[in-house]
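Comments concern the structure below.
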Amino acid sequence: RAEKVAALLDNIDGAYVSDNLWGERWAKLSQNSMGNGLSASTGLGSQQMAEDPRCRMIRINLAKEAAKVGLAMGLNVVAIQGVPAATWADADKGDVFEELDGFMSAHGGRVNWLASMAQDVYKGRRSEINLMNGLVAQKGREMAVPTPFNDAVIEVMNGIDDKTLEQSDAHVDRILKAVGQ
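Quick note on the working numbering: the sequence shown kicks off at -19 and runs consecutively.
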């Protein structure tokens, strides 16, 4: 029955049957957490983030932390943006980082999309940062996996949500400073 439902839904948008819901969900969370908060805090779109090596470094490390946390939780995390979770988790290795940096540089998209969280900031809505990156950080603490990049993005976004900070591309450097870069 699930195959029939997936076939019907596939006509509208890509659909498939999976028996790995937690691994799929964590990969989606990882993908969202690596871009939404950064885009929302800076106002930068997908192309701008792909062109900026500092943004690529932040995004790679956000994905690395999320992948490490998911794997530490024992999840079978599926590919994140088409790249195996284990590769993201190994981003500390120079050659792996360079590979991911090249991938991120080439995949900014044809349009300079703003993440949904950035659109929420523009509309004056409170962000979902604590439900995305916040979950990564919380589970990281539970699994003893450090999440300094997620923590830094959360801090900036909470400032924006509380109206003590404004959206600014200067937050790229603020995040890097917070993690000692």
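Even glycine gets a Cβ: it sits at the ideal position worked out from N, Cα and C. The model shown is predicted, which means the values in this text are computed figures rather than measured ones.
Query: Can you tell me whether V116 is helix, strand or coil according to DSSP?; Result: helix
Query: Contact defined as beta carbons within less than 8 Å: I believe N130 pairs with S26. What is the distance between those atoms, to the nearest angstrom?; Result: With 8 Å as the limit, N130 and S26 do not qualify as a contact, their Cβ atoms being about 20 Å apart.
Query: Taking only three categories from DSSP, how would you classify I140?; Result: helix
Query: Pull the bridge partners of I40 from the DSSP assignment, please.; Result: Answer is none; I40 lacks a bridge partner.
Query: DSSP on I(-8), reduced to helix/strand/coil?; Result: coil
Query: Kindly indicate the opening and closing residues of the alpha helix (DSSP H) around I155.; Result: H151 to A158
Query: Count the C-beta pairs between the stretch 109 to 129 and the stretch 42 to 50 that are closer than 8 Å, then say yes if the count reaches three, no if not.; Result: yes
Query: Select from D141, V63, M29 and V49 the residue whose C-alpha is nearest the C-alpha of N110.; Result: D141
Query: Identify the residues that DSSP records as bridge partners of V63: which are they?; Result: I60
Query: Out of S148, G17 and G50, point me to the one whose CA is closest to A124's CA.; Result: G50
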